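Some notes on the structure that comes next.
4 protein chains.
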Amino acid sequence: MLFFVNDYCEGAHESILSRLTRENTCKRPGYGSDEVCASAKEKIRRACESPDAQIYFAVGGTQTNQLVLDTMLQPYEGVVAVQTGHIALHEAGAIEYTGHKVLTLPAHEGKMISSELESLVRDFYEDENHEHMVFPGMVYLSHPTEYGTLYTKEELSSIREVCDRYGLRLFVDGARLAYGLGAEGTDLFLPDLARLCDAFSIGGTKCGALFGEAVVFGKGPAPSRFLTRIKQHGALLAKGWLLGIQFDELFSDDLYVRLGLHADRLADKLRACLVQKGYRLLLTSPTNQVLVVLQNQQMEQLASKVRFSFWEKTGPDETAIRFCTSWATTEEDLDRLLEIL
Amino acid sequence: MLFFVNDYCEGAHESILSRLTRENTCKRPGYGSDEVCASAKEKIRRACESPDAQIYFAVGGTQTNQLVLDTMLQPYEGVVAVQTGHIALHEAGAIEYTGHKVLTLPAHEGKMISSELESLVRDFYEDENHEHMVFPGMVYLSHPTEYGTLYTKEELSSIREVCDRYGLRLFVDGARLAYGLGAEGTDLFLPDLARLCDAFSIGGTKCGALFGEAVVFGKGPAPSRFLTRIKQHGALLAKGWLLGIQFDELFSDDLYVRLGLHADRLADKLRACLVQKGYRLLLTSPTNQVLVVLQNQQMEQLASKVRFSFWEKTGPDETAIRFCTSWATTEEDLDRLLEIL
Amino acid sequence: MLFFVNDYCEGAHESILSRLTRENTCKRPGYGSDEVCASAKEKIRRACESPDAQIYFAVGGTQTNQLVLDTMLQPYEGVVAVQTGHIALHEAGAIEYTGHKVLTLPAHEGKMISSELESLVRDFYEDENHEHMVFPGMVYLSHPTEYGTLYTKEELSSIREVCDRYGLRLFVDGARLAYGLGAEGTDLFLPDLARLCDAFSIGGTKCGALFGEAVVFGKGPAPSRFLTRIKQHGALLAKGWLLGIQFDELFSDDLYVRLGLHADRLADKLRACLVQKGYRLLLTSPTNQVLVVLQNQQMEQLASKVRFSFWEKTGPDETAIRFCTSWATTEEDLDRLLEIL
Amino acid sequence: MLFFVNDYCEGAHESILSRLTRENTCKRPGYGSDEVCASAKEKIRRACESPDAQIYFAVGGTQTNQLVLDTMLQPYEGVVAVQTGHIALHEAGAIEYTGHKVLTLPAHEGKMISSELESLVRDFYEDENHEHMVFPGMVYLSHPTEYGTLYTKEELSSIREVCDRYGLRLFVDGARLAYGLGAEGTDLFLPDLARLCDAFSIGGTKCGALFGEAVVFGKGPAPSRFLTRIKQHGALLAKGWLLGIQFDELFSDDLYVRLGLHADRLADKLRACLVQKGYRLLLTSPTNQVLVVLQNQQMEQLASKVRFSFWEKTGPDETAIRFCTSWATTEEDLDRLLEIL
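For the record, the sequence lines run as chains A, B, C and D. If you number the first sequence the way this note's numbering does, the last residue is 341 and the count never jumps. If you number the second sequence the way this note's numbering does, the last residue is 682 and the count never jumps. If you number the third sequence the way this note's numbering does, the last residue is 1023 and the count never jumps. If you number the fourth sequence the way this note's numbering does, the last residue is 1364 and the count never jumps.
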């Protein structure tokens, strides 16, 4: 059975595992106050060209979103996301659990459009009853989006401008950021994100680590008493150096971007092959998620040989599915998939 | 420098690390729905002699307490703990963050006394204004306690009886449970905990794992939609098998108990030696935490050679400190400590 | 200046004020445990033909919605409402503040359609990832809706059937219920609501009282420890009899329905006159809210003589506005409005 | 039957009721944006000699405490109160419901002692693990306390100094403030409270109003978007002028203080008489609550003639009970009570 079902079905890049093994008996202080965390943070700051950025680590993606949004929003504020945004749909209400509403906009291949954001915020402030409504306090984007698409630097800048005009903060969920950074033709890199976002996350779980997400606060300090709030959220890892080691490795020798490049190149090859064989892509994206429309019969046959994700019904007899490559996908696996298709 | 500062300053038992390495490229479904998690749960059920117990894994200790208490309490209920209980003091208000009050009782060497629990609950129900107060819904104990002390089977049974009489649930925080199970003279074992508690945790973080706690619901099903609530709390690990592998190893060949035994034996030796040398123990406990009173001058000299924890001032010129052994402490380290003392 | 701006700009029906004055020095126990509250509840039970219904009083509308939804939802559940529903738009995130997501459906003149509700719930349960999503646990409707429209008995029964099929509870927000009960042609009366809803509110604030809403739990007991939860929400009125007196009066001699009838008759007259004079109604509704489209110039002229509400822009040169009659609107006021139009 | 059971068993001072009646058909804008609220606030500002104070109204006492503490605390902060404080014991966990811990100190006849507050805060900041604990962010006092006792200006100033030294805010719950202001020998008046507290409440419910509490922010603006947060808490009254009218009357011609004086004078007379007749007072306080120790047999006989509150058992055969006078207690009622005693 071939696995193209998601990008978190394997362990970690070998450099991470071997370092964990090598340093297993080092004695280190807890809660991220160790020197490996310091080193990892310094490497991330350098990669972001953002020497003053404050950086924190968390264990998982939903946890990171919940933690960052809850602490950066005022209690009377909500967060604006597209309807297909991860926080809007697939996080079991983790944002609302912290008391904040997710205000939604239409998604365009998973992306938010700055003019629609502006309309929402402008209409809000023009409404004479807006004091009886949830204040839009922050924008949540994912990059790559849930559809594998990417923002351009111009698009993100345009959203930033709206944020500046109305006093909103901007957060980018980079759970799959490696695959965005490694995409052909992208013009959005870490320094851009650090400059344009109030905060963004650098996903480890789906990008070569066992687990872990880094949060970069590039435009100002982290929310006050952030360590205490991580603890209060039940999100503080006792052995914080486990996160430090993973990110220290991922940010050595450009490993993080190289892992993204690898998966994206395989996905590009898969997309090209699918098109060549006459398959219809649901949309074209440059990252590691490949959305393709199959006849239902085709889909069923395929299911006996390869694991993929159901995406959505696109007609009575056809269905869009998702193939996912990852940092761990081998050239051999891809070739075997291409043979089957 | 010697390290006796805590029991979470190193990585994991080698059997865990080598298995993680060995199975790093196995492809597994996410969120704990894999076969390793199933195997680990089955081993825990067997160790608990509780074939119907429902078992879940979480990443950290505060997270586990927050998750279990929040989901087992009704919204109008609080949890009863002793004043020195971890949830009452050192979890940054993680319980209150979920809306529940921690109702406190005096601690007796870290322990709750059933008669004081009974008084609290009886007084509550006898108060004609109790509908304007927080209902005591659950009891939180730690075993070993924060002072390293242990409940006897009789003491825990007595607390259980009070719970039964007044409809309270009982939760035991076993963050250091291995050191309780391995203690000389203890009569409380896993099957007792499974039988007496509505839920209890089996700590991995401090007992040989990289991270991870298992929660055992022995007397009935887990709270409904528990997976969804773990997600909602930001506590669902994508690669759930990381927890599965760790507990599968810890519950093979009694490793978990053996790790506890090892640390406790070293702590016993340390206690005996301290007493012999004329030091005064703050209290005698049979587990891996050794609380000893030092003259301040002694303490300062010692600090240049060994890391320990400040515990509390016991007089103008003396201080109680804590030495902690762990699954990873070596006989050699202990001998060097004994030489210094 | 004429006032048709809303239905809460005056005090209370004179029978309420005179009774408050008459009984001002009666000494009564607090928190609703008095005999007037008991009498009012009994009258409501009779009007609902629901002898076992449990009834509670709260002070305001948002408070009532927040209290009922928070206590009837499981923590992992959200409430389904239409996009124009009061809880979705105009309650400052009061529902999310309690941790629950508002799941939205399109509004059809303010109403929910049962088939769309069914699709939402069915799709949810068919989604293999639904455990990572918010469970739809309850339906929120308002009757009359925010647009003044009404559900028929058939429509409400149809929504009830979907709720039964999927285990959802049904709540009807009756902030303006008097105007629904008094509407010409309605076939939904109190006994129907008590039979079809798990809970519904009977609004006092907009229907003749100084303040106050009654909540009727017709199909089973109120959520457990409901008084304590009211207190926990900060919603328990010390002098509960103030609510008892108001509802005791409103439910004497059909006063509540008569107040609705009065306002609806005036609104019918206003609608007929507007149509006759060639105005375009935004929609036709049978209750006390009259939505009419005006040329912007007309609107501005009118604004100097009468207070009304801006509703929405319907074109570059025209705007929908709302006239509201109420229990307190006099025939004379209406005639003066008709002269102006 | 005589009633000395509490101070909220009757309606409102007649000037309030007659004004409500007189102005019942005035048409006013909602949510407190009317001119009566403005007038009432101005009168309170003048009484507080605090021309820049921001003032808001809420309906009830628990609601007020919940609203003010939740909005003035940072999410990682708790509030310090004495163990007998209303928020610590008798508000059904309304503070914890908003996510904040109540940190407790011993009560001395219901009062907090500044040195004990200082110890708590100093110990907190000296604890090297304080980032894992709840930050003390605010102090909650009640004046009069739950025992009817009062702070002196010196005592309150001393607590203020500790707050200033450690960056805590200070809130005084004035649910019974009239009885504090009217007490013989008190040296704490409204301008002192406005100067010393970040916020304090002026209770209406127990002091002559039907319901309602005013909150005075004397040292800076109210928490941002306060109206929205009141709404979000379900605490915004649609007909806000009902609160305006009540406080406008209470702050005309010193009515508020006069009502307190009246009740305190009667309570003084009762205390004097009790002492003279050989009864033992539980403590001496200068306000409207009289705590006296009775033989159980005496207590039972008395219960057939007068309603009072059980306070606490003081021995096997004796019990402390509370008599409460109020703004509404008549000289005749008191004389009849004195005859019985």
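Cβ coordinates follow ideal geometry from the N, Cα and C atoms, glycine included. In this text the structure is predicted, and so the values were computed from the model without any measurement.
For H574(B), there are no neighbours in chain D by C-beta distance under 7 angstroms, as the nearest C-beta there is about 14 angstroms away. In this structure, DSSP gives I396(B) an extended state, which the three-state scheme calls strand. Shown here for L1282(D): same chain residues with a beta carbon closer than 8 angstroms to its own, the five before and five after excluded, namely H1036, A1201, G1205, C1230, G1231, L1273 and W1350 in chain order.
Residue state for V5(A) is assigned as coil, using DSSP reduced to three classes. A320(A) and T62(A) have their C-alpha atoms roughly 25 angstroms apart. The criterion of a C-beta distance shorter than 8 angstroms is satisfied by R1199(D) and D1030(D).
Taking C-beta atoms as the reference points, S39(A) and A194(A) fail to come closer than 8 angstroms. Take K995(C), set aside five residues on each side of it, and the residues of its chain with a beta-carbon closer than 6 angstroms to its own are T1001, in chain order. Around S697(C), the same chain offers E931, S934 and L937 as residues with beta carbons nearer than 8 angstroms, after the five sequence neighbours per side are excluded. Within the region 723-742 of chain C, the residues whose Cβ lies closer than 9 angstroms to some Cβ of chain D are A740, V741 and G742, listed in chain order.
Look at the region 515-569 of chain B and you find these whole runs of alpha helix (DSSP H), each 4 residues long or longer: 518-522 and 531-537. At a cut-off of 8 angstroms, the C-beta of E1000(C) has no neighbouring C-beta in chain A. Proximity of chain C to F310(A) at the Cβ level (cut-off 8 angstroms) is accounted for by E810, in chain order. For I113(A), the three-state secondary structure derived from DSSP is coil. Classified as buried, Q1255(D) has 16 or more neighbouring CB atoms from the shown chains inside 10 Å of its CB. Among the CB atoms of chain B, none fall inside 8 angstroms of the CB of Q295(A).
Between T969(C) and P1052(D), the alpha-carbon positions lie close to 22 angstroms from each other.
Going by beta carbons, G1160(D) and L1096(D) fall inside the 8 angstroms limit. At a cut-off of 8 angstroms between C-beta atoms, R1252(D) counts as an interface residue with respect to chain A. In the three-state reduction of the DSSP assignment, H441(B) falls in the coil class. In the three-state reduction of the DSSP assignment, V821(C) falls in the strand class. When DSSP states are grouped into helix, strand and coil, C1071(D) belongs to the coil group. For L937(C), the enclosing alpha helix (DSSP H) has its first and last residue at L937 to Q958.
In terms of beta-carbon proximity, H814(C) lines the interface with chain A, with at least one pair separated by less than 8 angstroms. Taking 9 angstroms as the Cβ-Cβ cut-off, the region 358-370 of chain B approaches chain A at L358, S359, L361, T362, E364, N365, T366, C367, K368, R369 and P370, given in chain order. The Cβ of Y417(B) sits closer than 8 angstroms to at least one Cβ of chain C. The contact set of F1194(D) on chain A, defined by CB atoms closer than 8 angstroms, is empty, because the minimum CB distance reaches about 18 angstroms.
Using a Cβ-Cβ distance cut-off of 8 angstroms, the region 553-567 of chain B and the region 627-645 of chain B are not in contact, since fewer than three pairs of beta carbons, one from each stretch, lie closer than that value.
Here DSSP, grouped into helix, strand and coil, assigns R1042(D) to helix.
In terms of beta-carbon proximity, Y829(C) stays away from the interface with chain A, with every pair separated by 8 angstroms or more.
Burial check for V275(A): the Cβ neighbour count within 10 Å stays below 16, so the residue is exposed.
Taking a cut-off of 8 angstroms on C-beta distances, the region 1173-1185 of chain D touches the region 1135-1142 of chain D, as three or more cross pairs fall below it.
Residues I55 of the same chain have their beta carbon placed closer than 6 angstroms to that of K41(A), with the five preceding and five following residues left out of the count. Under DSSP, R307(A) forms a beta bridge with F3(A).
By the criterion of at least three beta-carbon pairs nearer than 8 angstroms, the region 79-93 of chain A is in contact with the region 129-145 of chain A. Residue environment for A1326(D): exposed (fewer than 16 other C-beta atoms within 10 angstroms of its C-beta).
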